[in-house]
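Quick notes on the structure that follows.
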Amino acid sequence: MAVLDQISSQEAMALENKYGAQNYHPLPVVLSRGKGVFVWDVEGKKYYDFLSAYSSLNQGHGHPKIVNALIEQAQQLSLTSRAFYNDMLGRYEKFTTSYFGFDKLLPINTGAEAVETAIKLCRKWAYEVKGIDQNKAEIIVCKNNFHGRTTTIISFSSDPVARKNFGPYTQGFIKIDYDDLEALEAALKSSPNVAGFLVEPIQGEAGVYVPSDDYLVKAKALCEKYNVLFIADEVQTGIARTGRLLATCGNCSCPNKDCSGTPDVKPDILVLGKALSGGLYPVSAVLANNEIMNVIRPGNHGSTFGGNPVAAAVATAALEVVRDERLAENAERLGEIFRKAMNDYLKTSSIVKLVRGKGLLNAIVINDDEDSEMAWDICLRLRDNGLLAKPTHGNIIRFAPPLVMTEEQLKDCLGIITKTLREFEE
Ligand SMILES: *Cc1c(COP(=O)(O)O)cnc(C)c1O
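Right under this line is the structure:
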């Protein structure tokens, strides 16, 4: 597309605005290249990527090993559909189930599809194994969740913008407060028809809300007590982002040797996406053990692209990079440095209220109300100063760089962030 090579930022934005559905409100910056922790705009200006496509690019932009896996497999065989076997899927499933410690994997493409898959799997298990009456199964979810954008998923969203005028909504969900074990037990007790509890280990989109230390362990124990499946949506928190292979992971059998010290919360159903492909290709997955996954029989569920050979090759390479480059450990170490620096900064700040997060999934809360433009204006100025981030909810800015970042680069970024924030202090 030689003609488009010469496009300016203004032209590219004008095209999207005129010919694209307006379902996003992007920061005004037009990117045309990425490598590692950096992206470049069409005018050649270089930025640190501090969003990583919502934690998809944990392995960094254009990782050569993952790109090569994509190129080689694309030249060999791209798609068979599941009408036939292919020589990549089984090997990928074996590798990935042993990597995360589950019996089986169901391959699909996007995060929302994986959450849908988990909901269907949970309901089928409820009828066929738990013995709940037909069409009565209920799944507990948390307020302010983000699980994707399908009709069923927005049915249990608390975000009015995501819901309004998209009804009628799917039934069968009970909404409770996040990080509230009493509310969870009350909901579990309220009905014999509860089949599952769907939860994000950290609520990312809501503004990086980290629950109490014992929340996930105790929530899992409550689910066991009531014979309810604990479904962890680790689409954003998984794959080393929070300093562990999984945010629910403690002393599990995962390849990250640094897990000891935190309790192991093994989900009954694990939902992965985003960084499962290193941000190169849409790949998502649902993992569970046999007694749950075996309720799915031929014809029950599927997707033309789910489990395609390119996805299998890319995801295998992406997980190998996480293991070989010890990205969980790097995220843990750099996360500590980041939060310490930000905590030092906010002692003397009149605009930053707090910093929170785990590993390299962090956010700062701007001391201002939800409707103010300050977080957006700070992100614009960060852009001018060479770093890309985006507000989540009004006054919260999420910071989630690629996990391949070095300490020196992180310190450079902290310099940019604190310098930018100072420009807003009165
Ligand atoms: C991004 C995200 C999803 C949805 O993933 P898509 O690939 O955008 O459909 C689901 N759950 C969580 C926690 C996410 O962060």
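In this note's numbering, the protein residues as written are 100 to 525.
In this text, a Cβ means the ideal position worked out from N, Cα and C, and glycines have one as well.
Query: G247 and V298 - do their beta-carbons sit closer together than 7 Å?; Result: no
Query: Assuming S257 contacts N234 (C-beta within less than 8 Å), just tell me the rounded distance between them.; Result: Not confirmed; about 24 Å, so no contact.
Query: Tell me whether H492 counts as near ligand 2, meaning its Cβ is closer than 6 Å to at least one heavy atom of that ligand.; Result: The ligand content of the structure shown is limited to ligand 1, which means ligand 2 is not among them.
Query: Among all the DSSP beta bridges, which residues are the ones paired with F329?; Result: F296
Query: Between E419 and I252, what straight-line distance do the alpha-carbon atoms span, to the nearest angstrom?; Result: 31 Å
Query: Within the chosen definition, does the segment 442 to 449 reach the segment 475 to 491 through at least 3 CB pairs nearer than 8 Å?; Result: no
Query: Between the C-alpha atoms of M100 and P291, what's the straight-line distance to the nearest angstrom?; Result: Reliability fails at M100, whose pLDDT of 49 lies under 50, so the model's placement of it is uncertain and the value that follows must be treated cautiously. Taking the straight line from one Cα to the other gives about 59 Å.
Query: Do the segment 202 to 212 and the segment 381 to 390 touch if we need at least three Cβ pairs shorter than 8 Å?; Result: yes
Query: For I338, which option in K219, G377, L328, N461 has the closest C-alpha, if you only look at C-alpha atoms?; Result: G377
Query: Are three or more beta carbon pairs between the segment 496 to 515 and the segment 479 to 486 nearer than 8 Å?; Result: yes
Query: Count the other C-beta atoms from every protein chain shown that fall within 10 angstroms of the C-beta of L513, then say buried if there are 16 or more, exposed otherwise.; Result: buried
Query: Taking buried to mean at least 16 other C-beta atoms within 10 Å of its own C-beta, is K288 buried or exposed?; Result: exposed
Query: Quick one: what does DSSP say I526 is sitting in, helix, strand or coil?; Result: Here the chain covers residues 100 to 525 and nothing more, so residue 526 does not appear.
Query: If we count Cβ pairs, one from each stretch, closer than 8 Å, do we get three or more for the segment 136 to 145 versus the segment 118 to 126?; Result: no
Query: Excluding the 5 residues flanking S352 on each side, which residues of the same chain have their C-beta closer than 6 Å to its C-beta?; Result: Confidence at S352 is low in this model, with a pLDDT of 45, below 50, so the placement of that residue should be treated as unreliable; the coordinate-derived value is given next. G200, listed in sequence order.
Query: What are the boundary residues of the alpha helix (DSSP H) that includes I165?; Result: 163 to 175
Query: Go ahead and pull the three-state DSSP assignment for K518.; Result: helix
Query: Take E524 as the anchor and find which of S151, N466, T505 has the nearest alpha-carbon.; Result: N466
Query: Contact between the segment 331 to 346 and the segment 448 to 462 is defined here as three or more beta-carbon pairs at a separation below 8 Å; is this criterion met?; Result: yes
Query: If you follow the beta strand (DSSP E) that D148 is part of, which residue opens it and which one closes it?; Result: 145 to 148
Query: Going by C-alpha distance, which of L220, G485, T341, F245 is nearest Y146?; Result: G485
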